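Chemist: Sequence lines, in order, name chains L and U.
Under the numbering used here, the first sequence has 244 at position 212, and the numbering climbs by one with no breaks.
Under the numbering used here, the second sequence has 241 at position 209, and the numbering climbs by one with no breaks.
For each residue, glycine too, the CB sits at the ideal point set by N, CA and C.
No experiment lies behind these values; they were computed from the predicted model shown.
There are 2 protein chains.
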Amino acid sequence: METALPTFNSVFSIDCVIFGFEAGELKILLIERNQEPFKDWLALPGYIVEQDESIDDAAERILYELTGLRDLHMQQFHTFGEVNRHPQGRVITVAYYALIRINGQKELRPVTQYARKAFWHPVNELPKLAFDHTEIFQTGFNKIRRRLNYQPIAFELLPEKFTLTQLQSLYEAVLNKKLDKRNFRKKMLSYGFLKELDEKQKGVSYRAAKLYKFDRRKYAKIFNNELNLDK
Amino acid sequence: METALPTFNSVFSIDCVIFGFEAGELKILLIERNQEPFKDWLALPGYIVEQDESIDDAAERILYELTGLRDLHMQQFHTFGEVNRHPQGRVITVAYYALIRINGQKELRPVTQYARKAFWHPVNELPKLAFDHTEIFQTGFNKIRRRLNYQPIAFELLPEKFTLTQLQSLYEAVLNKKLDKRNFRKKMLSYGFLKELDEKQKGVSYRAAKLYKFDRRKYAKIFNNELNLDK
DNA sequence: AAGATACTGTGTAAAATTTACACCATTAAA
DNA sequence: TTTAATGGTGTAAATTTTACACAGTATCTT
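1. Tell me, please, whether the CB atom of V115 (chain U) is closer than 8 Å to any CB atom in chain L?
2. Quick one: grab the DSSP three-state call for Y146 (chain L).
3. Which stretch, first to last residue, makes up the alpha helix (DSSP H) that contains T166 (chain U)?
4. Looking only at DSSP bridge pairs, what is A129 (chain U) linked to?
5. Going by beta-carbon coordinates alone, are I63 (chain U) and K149 (chain U) separated by less than 8 Å?
6. With 16 as the cutoff for other CB atoms within 10 Å, does E92 (chain L) come out buried or exposed?
7. Alpha helix (DSSP H) containing D89 (chain U): first to last residue?
8. Cα separation between E228 (chain L) and R249 (chain L)?
9. Give the secondary structure of V206 (chain U) by DSSP, where H, G and I count as helix, E and B as strand, and everything else as coil.
10. Near H165 (chain L), what residues of its chain come up, given a Cβ to Cβ distance below 7 Å and the 5 sequence neighbours on each side ignored?
11. Going by DSSP, which residues form a beta bridge with A75 (chain L)?
12. Nearest-angstrom Cα distance between N256 (chain L) and Y238 (chain U)?
13. Using CA coordinates, which residue listed in L:Q200, L:I87, L:F169 and L:F246 is at the minimum distance from F44 (chain U)?
14. Is the beta carbon of V126 (chain U) less than 8 Å from the beta carbon of Y96 (chain U)?
15. Taking the Cβ atom as the reference point for each residue, do L211 (chain L) and Q198 (chain L) lie within a distance shorter than 8 Å?
16. Runs of 4 residues minimum, wholly inside the region 191 to 252 of chain U: which ones carry the alpha helix (DSSP H) assignment?
17. In the DSSP assignment, find the alpha helix (DSSP H) that holds E188 (chain U) and state where it starts and stops.
18. From I156 (chain L) to S222 (chain L), what does the alpha carbon distance come to, in whole angstroms?
19. Can you tell me whether I60 (chain U) is buried or exposed? The criterion is at least 16 other CB atoms within 10 Å of its CB, across all chains shown.
20. With a 10 Å radius around its C-beta and 16 neighbouring C-beta atoms as the bar for buried, classify G52 (chain U) as buried or exposed.
21. Sorted by chain position, which residues of the same chain lie with C-beta nearer than 8 Å to M9 (chain U)'s C-beta, five sequence neighbours on each side aside?
22. Can you find the residues in the same chain that come closer than 7 Å, C-beta to C-beta, to I275 (chain U), ignoring five residues on each side of it along the sequence?
23. If A241 (chain L) and T195 (chain L) are in contact, beta carbons under 8 Å, what's the gap, nearest whole angstrom?
24. Here's the rule: buried if 16 or more other CB atoms are within 10 angstroms of the residue's CB, otherwise exposed. What is V236 (chain U)?
25. For chain L, is any of its Cβ atoms less than 8 Å away from the one on H110 (chain U)?
26. DSSP puts P154 (chain L) in a beta bridge; with which residues?
As structure tokens, then:
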């Protein structure tokens, strides 16, 4: 005998906390909602998961539809399931984060009508957000803060070629504390996954710094051996 | 204008990975299912979330109904949302772990008909489990392994009074590696959150070891200052 | 072209932490 | 009293972390 599933009107959604780094500041991606509930409010990009897509797939699709961004490596970090978190019914939401290099070229352009626009906003002094999105953001921010030292988070936020000072100021932005320049460099270089390039920084009105690249392969070798992270 | 939620037949469930420690072995709680699908299979305790309860509340209720265990501190760790993970429809599941002292007194007795029985099984050599429960278990196991050093995991698994050797063998079971006795003790005691008691171990046929207690208060002081963990 | 400006890049010593390692002490049972 | 089994302890070496300051270089200004 089969026992049928109940036919609740329950729905699950995805919300995305997308981090970027620009002008020495950590930012996240917000949208202006164009749909009830919370029409006209600012919110994290998020929408409802379809019946025939996995939540990982849904995360990619939804981010794309609301912001035009594609092919980010999205990582699930928590699920929010309070009864009244959505005013129209029971909706639990699975939250994902991703990291991206902000650059002017990639336009932020919602593909659906649900978002009026998408834009970057500094993580400090976030406005009030729709639903429980402020809590979702905070949880996600704590997550990447803790993972900064175990996962290649910093290198997804920086341009492909970066200076050690840029790397350091990213660490400082995420951890929200000052680090010692000499010790920071010593430590980072000692890992052996930064490749020094023959190039220098351009367009600065002072001594140009050396550029470095992140060597993902070496990184994987070093960190996968220690303790497998998985999910 | 309100936009109504879609009326999918989608359902969310909770699955629980409950760890216990007994006879020097790490164990988890399994049930024998008494309901389709996977009737008669072994599985993690899990069931469907009701419309009017938060997922955290659901986790407690479901564990109780399937095993008779109550008042555990359940921690959400991952959500599984592949399209075909449930043969009867679209069900995503939010996985929780909890830690408990196993002791003979607390009987494992399912309160509902959905489970025929509940019992402890060593984490090594787990049998085939229903659904994607093997993956869920693995993910949860990795989680607590990583958290062992940041969260008071060990002390929820041990009896209230324990010896340092018991503590060490728990660490060894979770991390799956041998530790040095002297270094382990030095380290643990240096934290200052273990309180030495005036009592000794009983019922052993060799020199009895001192008993210690975990001082949750001091622990919180030490670790909350460092970096707030949250979710 | 001289000087001002702004950031780059580097080393060392002290302190703290981690690691490796072995044997006598104590209890109960035989 | 002897045996069996585990408890409990210290030190030295190696490694990692921390604190700390100034000369070098590219560009811009005058």
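Modeler: According to the structure data:
1. By this cut-off, V115 (chain U) is an interface position.
2. Three-state DSSP puts Y146 (chain L) in coil, outside helix and strand.
3. Element bounds for T166 (chain U): H165 to R179.
4. First, the residue type needs correcting, since residue 129 (chain U) is Tyr and not Ala in the sequence shown. U:V49 and U:Q107.
5. Contact: yes.
6. Buried: at least 16 other Cβ atoms inside 10 Å.
7. Where D89 (chain U) is concerned, the enclosing alpha helix (DSSP H) stretches over I87 to T99.
8. Going by C-alpha positions, E228 (chain L) is about 15 Å away from R249 (chain L).
9. It is helical.
10. So the qualifying residues of the chain are D47, A75 and L76.
11. Paired residue(s): L:I63.
12. N256 (chain L) and Y238 (chain U): Cα-Cα distance of roughly 42 Å.
13. Of the candidates L:Q200, L:I87, L:F169 and L:F246, the residue whose Cα lies closest to the Cα of F44 (chain U) is L:I87.
14. No; because the gap between Cβ atoms is not below 8 Å, this pair is not in contact.
15. L211 (chain L) places its beta carbon 8 Å or farther from that of Q198 (chain L).
16. Counting whole runs of 4 or more residues, the region 191 to 252 of chain U contains the alpha helix (DSSP H) stretches 196 to 207 and 213 to 223.
17. Looking at the DSSP string, the run of the alpha helix (DSSP H) that includes E188 (chain U) is I185 to L189.
18. The sequence shown places Asn at residue 156 (chain L), rather than the Ile named in the question. For the pair N156 (chain L) and S222 (chain L), the Cα-to-Cα distance works out to about 32 Å.
19. Within a 10 Å sphere around the beta-carbon of I60 (chain U) sit 16 or more other beta-carbons, which makes this residue buried.
20. When all chains shown are included, G52 (chain U) counts as buried.
21. The displayed coordinates of chain U run from 33 to 263. Any statement about residue 9 (chain U) would go beyond what the structure contains.
22. With chain U running from 33 to 263 in the structure shown, residue 275 (chain U) is simply not present.
23. The Cβ separation is near 4 Å, so the contact holds.
24. Here V236 (chain U) is exposed: its Cβ has fewer than 16 other Cβ atoms, across all protein chains shown, within 10 Å.
25. It does; some Cβ of chain L falls within 8 Å.
26. Residue pairing by DSSP places P154 (chain L) opposite L:K59 in a beta bridge.
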